[in-house]
Amino acid sequence: MRYVPRITSLGGRSYKAEYLLSKGRVFGLEESGGGLRPAYGLSQITVNNIPAAAQGIYFTSHNNLYVYNGGTVYRCTGASNNFYLYASGFTARPSFAECHENGEDFTIICDGGKSVKAQSNTAGPDTCPPVRYAVVHCNRMFGIDTDDARTIRWSEPGDVHGWDAGINGAGYVRLDALRGDISKLTVFDNKLVAVRQYGLTVLRAFGEAESFRVDVTDTVTDGITADTVAVCAGKLCFFTPSGMYCYDGTVKKFEAEGLEGFGDVSCAAACGGYYYAGGKLGGEDVIACIDVNGRSAGYIKAKATCMCGGGRVFFYGDGLYEIVRTAEQGSWESGPCDFGTPSKKFLCSITAYGADTLTVECGGRSRTYSGVNGEVKVGMEGREYSISASCSQHLRSVCAKYSH
């Protein structure tokens, strides 16, 4: 939100007015036409046999949704049918490497000790590659060595099952110790990026293996949360304890309006220029909905323990949900509001347009108004107020009239 807060004298020196929409938080809303409109909503997945919990979730480019829970992988074909047990016996959360070889599409599900080849309608045991967190890039499979978290291994060209070492075959590279172990591999800007504990390492891995090159980014970060790494709007986005960062050749801190105070981020995913991150705001579980191009953030009140994205975004919390861009309603909340002074104030009225409901709280008292399109009398005295408004169409303004 980019409103300019201003204080205006009303009726001589007795009253002042303060416009509030530029402050506080938005939930399920985004900036539109000088105000706020519903933008982010949740659709709960209610098909049969959804696992009771999840430690991992993955959505393929062929619209198949996988959930990992306690050593077992479940699949929902087309992300619309019932879940069924797909493979079991994993000892760690597996990766899902989408492959295309000899005209065939398939997914290798592996944890470094067990592997399953998932095809469109069948699944079968597979020779497990000697890697974890596998991805496919330039017709090779890449992964983190099962026994050495600083080593990247790659398969033979055009054969994700070929691991015989050779000049033009399979190989490996061991990275420096400065940035710590590799926690994830991802593909960005036609490059393979190793997500490290304290930074990124870029591997230019195309053509013959002898031409592979390792680049080190110019910034060392604090601890990267691997499950927050996602490509969004031409940037590689991720969170550390100090906030959100983006990589587009260099690593830079990402500053977004509305993102202040959001932290404890555990997972994230991206879709259509929006980056969604599960964390906490004011001690409560939320999902931040970040417009990477617009550099603004709103929230959904929900808990996410794991998340995946692509053409759609799914997350698991107290159930399985999809984040949708067809919300029917949202809300704006001012948070604690003292109008710039801790002294006692008299809140005369609030003028709002497009508010389905408007609620004012102060000192244990609460008043709610419905269908607000103009001024409502409040008449409450106190030092600090909390003001909130819900809308289903277009919340255009919230202005408080008060006196000291």
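Following the numbering used here, the numbering of the sequence shown begins with 4 at its first residue and continues without gaps.
Ideal Cβ positions, reconstructed from N, Cα and C, are used throughout, including at glycine.
Taking 8 Å as the upper bound for CB-CB distance, Ile60 and Cys274 are not in contact here, some 14 Å apart.
The beta strand (DSSP E) runs of length 3 or more contained entirely in the stretch 78–124 are, from start to end of the chain, 87–91, 98–104, 107–113, 118–121. In this structure Val138 is buried. Its beta-carbon is surrounded by 16 or more other beta-carbon atoms within 10 angstroms. Nearest neighbour of Gly74 by Cα position, chosen from Gly116, Glu104, Gly333, turns out to be Gly116. Collapsing the DSSP output to three states places Thr231 in a helix. Checking the DSSP bridge columns, you'll see Gln47 partnered with Tyr324. A Cβ-Cβ contact shorter than 8 Å links Arg135 with Gly146. By the neighbour-count definition (other C-beta atoms within 10 Å, threshold 16), Gly92 is an exposed residue. Assigned with DSSP and collapsed to three states, Ser346 falls in coil, not helix or strand. Looking at the backbone, the Cα of Asp321 and that of Gly282 are separated by about 14 Å. For Ala259 against Ala300, the beta-carbon gap comes to about 5 Å, under 8 Å, which counts as contact. The shortest CA-to-CA distance from Gly286 to any of Tyr278, Ala305, Cys351, Asn296 is the one to Ala305. Counting every other CB atom within 10 Å of its CB across the protein chains shown gives Asp230 a total of 16 or more, marking it as buried. Our two residues, Cys240 and Phe209, have alpha carbons roughly 23 Å apart in a direct line.
With three or more CB-CB distances shorter than 8 Å, the stretch 341–353 counts as touching the stretch 372–389.
In the DSSP annotation of this structure, the continuous segment of the beta strand (DSSP E) that includes His140 starts and ends at 134–140.
In the DSSP assignment, Phe62 forms a beta bridge with Leu68.
DSSP, reduced to helix, strand and coil, places Cys270 within a strand of the structure shown. In the structure shown, Leu398 falls within a strand segment according to DSSP collapsed to helix, strand and coil. The C-beta distance from Ala126 to Tyr71 rounds to 14 Å, too long to meet the 8 Å contact threshold. Rounded to whole angstroms, the separation of the alpha carbons of Ser391 and Lys19 is 20 Å. If you draw a straight line from the Cα of Ala197 to the Cα of Cys141, it is about 16 Å long.
For Val176, the enclosing beta strand (DSSP E) has its first and last residue at 174–177. The Cβ atoms of Ile326 and Val316 sit closer than 8 Å to each other. Asp288: member of the beta strand (DSSP E) spanning 287–294, first to last residue.
Residue environment analysis places Asn296 among the exposed positions, since fewer than 16 neighbouring C-beta atoms fall within 10 angstroms of its C-beta.
Just measuring C-alpha positions, the residue of Asp251, Thr224, Gly226 sitting nearest Cys235 is Asp251. In the structure shown, the three-state DSSP call for Trp166 is coil.
Within the same chain, Cβ atoms closer than 6 Å to the Cβ of Arg96 are found at Gln58, Gly59, Tyr71, the five residues on either side in sequence being excluded.
In the pairwise beta carbon analysis, the stretch 396–405 is classified as touching the stretch 31–41: at least three pairs are separated by under 8 Å. Here Ser118 really is in contact with Cys131; their C-beta atoms are around 4 Å apart, less than 8 Å. Counted as a single uninterrupted DSSP element, the stretch harbouring Ala208 is not any beta strand (DSSP E), since DSSP gives it neither H nor E. When the alpha-carbon of Ser123 is set against those of Gly81, Glu336, Lys238, the nearest one is in Gly81. For Pro128, the uninterrupted beta strand (DSSP E) run begins and ends at 126–128, by DSSP.
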